[in-house]
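*Asks:* One structure is given below, represented as structure tokens, and several questions about it will come after.
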Amino acid sequence: VAAAMRLGAFLSALRPALPLLLGLSLGCSLSLLRASWSHSAAEERCLAPGPPAPPARAAPPEAAEGRPGPGHEDFRPRIVPYYRDPNKPYKKVLRTRYIQTELGFHERLFVAVLTSKATLNTLAVAVNKTVAHHFPRLLYFTGLRSAKVPHGMVLVAHGDERPIWLMYETMNYIHQHFGSDYDWFYIMQDDTYAQAEQVKALVTHLSINQDVYLGRAEEFIGGDEQARYCHGGFGYLLSRSLLLKLHPHLDSCRNEILSVRPDEWLGRCIIDFLAITCVSQLQGQRYHTYELAKNTEPEKEEEEEFQAALAVHPVSDMTLMYRLHKQFSRIQLDRVYQEIQDLQMQIRNLTALTPAGEAGVTWPVGINAPFLPKSRFEVISWDYFTEQHLFSCPDGSPKCELSGASKADVSEIIESAVEQLNRRYQPLLRFSKRQLLNGYRRFDPTRGMEYTLDLLLEAATQKGHSHVLAKRVSLVRPLSKVEIIPMPYVTEATRVQLVLPLTVQDLDFVANFLDMFAMNTLDTHDNALLTLLFIYHPYDAQRVGQVDVFDGVKAMVGELEKRYAEVKIPWISVKTEVPSQVKLMDIVSKKHPVDTLFFLASVWTEINMEFLNRCRMNTISNWQVFFPVHFQEFNPALVYRGEQTASSNTDFLRDGHFDRHSFAEACFYNSDYMTARTKLAADILDRDEVLESMEVFDVFLHYSGLHLFRAVEPGLVQKYTLRSCNPRLSEELYHRCVLSNLEGLASRSHLAMALFEQEQANST
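Positions in the sequence shown are counted from 1; adding 370 to them yields the numbering used here.
Next comes the structure, spelled out in structure tokens:
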């Protein structure tokens, strides 16, 4: 009985492992069986009768190393280890500006427009206004240029109006300057209207590995029946590979081929030397064209051939070019609307099959659902407006007049709402707006701008009866395709000139500023310099011979210059009762070159390399200035109340706030400041007292057309200190300084806890 019990316990313990054991046994058995089959098959091949086999050749080294031989195309990537010869001097590797250049990527499409001196200011301008902004790169080529080139057009003049010479020089120019940068080259005339979006879509469906000569194929007069050239009036497309092969033969073509038409000359050159003829269809894509008759009305053209055309020719005048552009834009817009409706229908049909059913369909169909907040802090508030006023103003006032872009936005939304209502209820009802009762709007970052309108409408029936009613409508202006805005290129190698204004009240904080500057810039050899601005009160300036209030600071500067022999820290002394930021910058600006990048700092700023790099990248000469919002730490006496200050990385940027009332820090170029300052001087004339109520931010805001980039800057962290607010400054600047001090005390929860503890202490 005991043995049976032990056996039962053993089996129960072994039972969970039985599937594993069975699997291992089965796997081993199958592997042994397969090995025996392979061995027997090999023996049969060796013992088979027949002529002796030829001696086996040695395997190629690639195959011996596990790599495919020369006949294989399935190459495997290998990691090539980096090796640096210690005997050779180290050479810094220069990286390209863009990663696509380093990887050898090419731009997609280059467009060349052949024009003349006679049509440069007419047809060429019409081409530039209609389709130029749709193409990534477009140049105009002419023989002789006029005295004045139209604005916004890049023109290349070859100096000769002969058509064949113009074509020859154009092909040479394209190969020399753009042959290695683009995959496709589209050549057209200024009397051609091309649908830019359709041409761009065409090249995305063609392979760049083939020699392509695509356009409207035409026969040569008296030539070979099989040979075709592409008609220049309808434009034609050349691949990069064809252009590279054609270039060595252009000189021979110019000397040997006689022709009157440049498109025939180019077609004959390609056929004779490359044996490639023009085609109108390639890789399943057809080059559709349409030839305009005289006195054609584009608005009345309903032919399918016209609507599918990529190029239309001939266009006789500018007005016809604009009419064609309007008609094709309408056709394209109708296609887009039809595609949207088809997609919405498909979404409805597919949503009905999901677990949520028809309830899962969002409105509008195909647009992201509204943002669902997870807490009350994430709720997106609605802004209330009427046709005359907005009740959520940028400056914080409760009510302001509706004007500018906001007024145009509200007018367009109301007009669109009435139009949609008429489209839905006609011909039974016809609506007209009486009044906007209430309007609400909010920006949802997941879908776009949302509107809710309460409209007072007058509804008229077909019989002439009318009735006034109020109706609520909801509209969405969805986010469109995201575009990358081109910005000028800047580098991180620009020298930054720090400017530090100092008053007597700042003396206690100068030592910490200089220590941080030495540790984060001088020790790291960052490309940054420092200029101190000593602001003397008139009383202190009179006693500077006996007692200099800035002697201690000058001694610290001398110690830094001894420690870092190659560093010089200049200072400028100024005597004033009202230290206006603009007046101080006027003095500093005159002592530095125009290309200097200034960083206007405060004594509480802790300089670090991370912020200096952002200062360089966010400040662009003649384009953008940068006003960072520093992070201000709260008063530790109120936040921690005797407890140990948190210093871990997880508490970074926690016990403080971004001080939006401070504009003390700024990054800008001296040339931009001088330009804005000149406009300010012309506006205020000799009224220098106006400068006391202004900061550098106000100068750029009101007297420059630059972008003002103001953003929170986590790299600028300032310790808590109670700032001294100068009452001699303007009321607005003084009020901002006081608000900055008050909001920098502590958060609401910390202040509430401090009041609670104080009340408890008073009650006991």
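For each residue, glycine too, the CB sits at the ideal point set by N, CA and C.
Along the chain, where does the beta strand (DSSP E) that runs through VAL869 open and close?
*Replies:* By 1-based counting over the sequence shown, the position of residue 869 is 499. It spans 866-872 - the beta strand (DSSP E) in which VAL869 sits, taken as one unbroken run.
*Asks:* Going along the chain, which residues of its own chain have a beta-carbon closer than 7 Å to the beta-carbon of ALA564, five neighbours each way excluded?
*Replies:* Position 194 of the sequence shown, counted from the first residue, corresponds to residue 564. VAL501, MET558, GLY605, LEU680, ALA681, listed in sequence order.
*Asks:* With respect to the beta strand (DSSP E) encompassing PRO632, which residues constitute its N-terminal and C-terminal limits?
*Replies:* Counted from its first residue, the sequence shown places residue 632 at position 262. Here PRO632 belongs to no beta strand (DSSP E); instead the alpha helix (DSSP H) covers 632-644.
*Asks:* How many angstroms separate the CA atom of ARG804 from the CA atom of ASP814?
*Replies:* Sequence index remark: in the sequence shown, residue 804 carries index 434 (1-based). Sequence index remark: in the sequence shown, residue 814 carries index 444 (1-based). Taking the straight line joining both Cα atoms gives about 29 Å.
*Asks:* If the criterion is Cβ atoms closer than 8 Å, does the pair SER959 and TYR1043 meet it?
*Replies:* The residue labelled residue 959 in the question sits at position 589 within the sequence shown. The residue labelled residue 1043 in the question sits at position 673 within the sequence shown. Yes. Within cutoff.
*Asks:* How about the region 961-970 and the region 918-933: do they share at least three Cβ pairs that are nearer than 8 Å?
*Replies:* No, they do not touch.
*Asks:* Spatial neighbours of SER836 within its chain, please: CB distance less than 6 Å, with the 5 preceding and 5 following residues excluded, ordered by chain position.
*Replies:* Here residue 836 refers to the residue found at position 466 when the sequence shown is read from its first residue. Closer than 6 Å at Cβ, skipping near neighbours: GLU828, ALA830.
*Asks:* Give the DSSP-derived three-state secondary structure of GLN951 in the structure shown.
*Replies:* As a first step, residue 951 must be located in the sequence shown, where it is residue number 581. Three-state result, GLN951: helix.
*Asks:* For the beta strand (DSSP E) containing ALA1046, name the first residue and the last one.
*Replies:* The sequence position of residue 1046 within the sequence shown is 676, counting from 1. Note, ALA1046: premise wrong, no beta strand (DSSP E); alpha helix (DSSP H) at 1040-1054.
*Asks:* Which residue's Cα is closest to the Cα of LEU690: GLU1003, THR492, THR756, PHE741?
*Replies:* Indexing the sequence shown from 1 puts residue 690 at position 320. If we check each option's Cα against that of LEU690, THR492 comes out closest.
*Asks:* Reducing DSSP to helix, strand and coil, say where ASP553 ends up.
*Replies:* By 1-based counting over the sequence shown, the position of residue 553 is 183. Strand at ASP553.
*Asks:* Is the Cβ of PHE511 closer than 8 Å to any Cβ of chain B?
*Replies:* Among the chains in the structure shown there is no chain B, since it carries only a single protein chain.
*Asks:* Considering only C-alpha positions, which residue in the set ALA1034, ASN1111, SER1063 is nearest to ARG1080?
*Replies:* Residue numbering aside, residue 1080 sits at position 710 when the sequence shown is read from its first letter. Out of ALA1034, ASN1111, SER1063, ALA1034 has the C-alpha closest to the C-alpha of ARG1080.
*Asks:* If ALA482 sits next to ILE544, beta carbons under 8 Å apart, how far is it from one beta carbon to the other, in whole angstroms?
*Replies:* Stepping through the sequence shown from its first residue, residue 482 is reached at position 112. Stepping through the sequence shown from its first residue, residue 544 is reached at position 174. Rounded, the Cβ-Cβ distance is 6 Å, consistent with contact.
*Asks:* If we count the other Cβ atoms within 10 Å of its Cβ and call it buried at 16 or more, is PRO940 buried or exposed?
*Replies:* Looking up residue 940 in the sequence shown gives position 570. Exposed, by the Cβ-count rule.
*Asks:* Given this structure, state the Cα-to-Cα distance separating CYS623 from HIS617, to the nearest angstrom.
*Replies:* Mapped onto the sequence shown, residue 623 falls at position 253. Mapped onto the sequence shown, residue 617 falls at position 247. Between CYS623 and HIS617, the C-alpha separation is close to 10 Å.
*Asks:* Does DSSP put CYS1095 in a helix, a strand or coil?
*Replies:* As a working mapping, residue 1095 is identified with position 725 in the sequence shown. Three-state result, CYS1095: coil.
*Asks:* VAL582 and LEU607 look like a contact to me (Cβ under 8 Å); what is the Cβ gap, rounded to whole Å?
*Replies:* On the sequence shown, position 212 is the one that residue 582 refers to. On the sequence shown, position 237 is the one that residue 607 refers to. About 6 Å separates the two Cβ atoms, so the contact holds.
*Asks:* Any idea which residues DSSP pairs THR831 with across the strands?
*Replies:* Locating residue 831 in the sequence shown gives position 461, counting from the first residue. Paired residue(s): LEU799.
*Asks:* Going straight from the alpha carbon of LEU694 to that of ASP704, what length do you get?
*Replies:* Taking the first residue of the sequence shown as position 1, residue 694 is located at position 324. Taking the first residue of the sequence shown as position 1, residue 704 is located at position 334. When rounded, the distance between both Cα atoms is 15 Å.
*Asks:* Looking only at its own chain, which residues have a Cβ that is under 6 Å from the Cβ of CYS332, when we skip the five neighbours before and after it?
*Replies:* Because residue 332 is not part of the residues shown, which for the chain are 371 to 1134, the question remains open.
*Asks:* Restricting to Cα atoms, I'd like to know which of HIS962, PRO998, LEU807 is closest to ILE977.
*Replies:* As a working note, residue 977 is residue 607 in the sequence shown. Nearest C-alpha to ILE977: PRO998.
*Asks:* By Cβ distance, which residues of its chain are closer than 7 Å to PRO632, with the 5 residues on each side in sequence left out?
*Replies:* The sequence position of residue 632 within the sequence shown is 262, counting from 1. These residues qualify, in order along the chain: PRO533, ILE534, LEU536, MET537, GLY602.
*Asks:* Since LEU607 is in the beta strand (DSSP E), which residue starts that stretch and which ends it?
*Replies:* Position 237 of the sequence shown holds residue 607. Counting along the chain, the beta strand (DSSP E) containing LEU607 begins and ends at 606-609.
*Asks:* For ASP700, which of helix, strand or coil comes out of DSSP?
*Replies:* Residue numbering aside, residue 700 sits at position 330 when the sequence shown is read from its first letter. Just to set this straight, residue 700 is Arg in the shown sequence, not Asp. Note: ARG700 maps to helix in three-state DSSP.
*Asks:* Is ALA566 near MET523, with beta carbons less than 8 Å apart?
*Replies:* Here residue 566 refers to the residue found at position 196 of the sequence shown. Here residue 523 refers to the residue found at position 153 of the sequence shown. Their beta carbons are not under 8 Å apart, which means ALA566 does not touch MET523 by this criterion.
*Asks:* Relative to the C-alpha of VAL569, which residue among ARG656, TYR510, CYS639 is closest?
*Replies:* Numbered from its first residue, the sequence shown carries residue 569 at position 199. Nearest option by C-alpha distance: ARG656.
*Asks:* Go through the region 681-759 residue by residue and report every complete run of the beta strand (DSSP E) that reaches 3 residues or more, in order.
*Replies:* Within the region 681-759, the complete beta strand (DSSP E) runs of at least 3 residues are 681-683, 753-755.
*Asks:* Thinking C-alpha only, which one of PHE1028, ALA1046, ARG1057 is nearest VAL1087?
*Replies:* Sequence index remark: in the sequence shown, residue 1087 carries index 717 (1-based). Out of PHE1028, ALA1046, ARG1057, PHE1028 has the C-alpha closest to the C-alpha of VAL1087.
*Asks:* Is TRP733 buried or exposed, if buried means 16 or more other CB atoms sit within 10 Å of its CB?
*Replies:* The residue given as residue 733 occupies position 363 in the sequence shown. TRP733 should be labelled exposed.
*Asks:* Check whether the region 1063-1070 touches the region 1035-1055, counting contact only when three or more Cβ pairs, one atom from each stretch, lie closer than 8 Å.
*Replies:* Because the criterion of three Cβ pairs below 8 Å is met, the region 1063-1070 and the region 1035-1055 touch.
*Asks:* Do HIS619 and PHE643 come within 8 Å of each other at the CB atom, strictly closer than that value?
*Replies:* On the sequence shown, position 273 is the one that residue 643 refers to. On the sequence shown, position 249 is the one that residue 619 refers to. Yes; because the gap between Cβ atoms is below 8 Å, this pair is in contact.
*Asks:* Mind checking ILE957: buried by the 16 CB within 10 Å criterion, or exposed?
*Replies:* Position 587 of the sequence shown, counting from 1, holds the residue named residue 957. Classification of ILE957: exposed, given that the 10 Å Cβ count is below 16.
*Asks:* Leaving aside the five residues before and after MET688 along the sequence, list all residues of the same chain whose C-beta is less than 8 Å from its C-beta, in chain order.
*Replies:* Indexing the sequence shown from 1 puts residue 688 at position 318. Taken in chain order, the residues that qualify are THR492, LEU493, VAL495, ALA496.
*Asks:* CB-CB under 7 Å to PRO684, same chain, minus the five flanking residues each way: which ones, in chain order?
*Replies:* Within the sequence shown, residue 684 is the residue found at index 314, counting from 1. If we look at PRO684 and ignore the five residues flanking it on each side, its Cβ neighbours are ASP561, GLY603, LEU662.
*Asks:* Compute the distance between the beta-carbons of LEU1140 and VAL838, then report whether it is under 8 Å.
*Replies:* No statement about residue 1140 is possible, as the shown extent of the chain runs from 371 to 1134 and does not include it.
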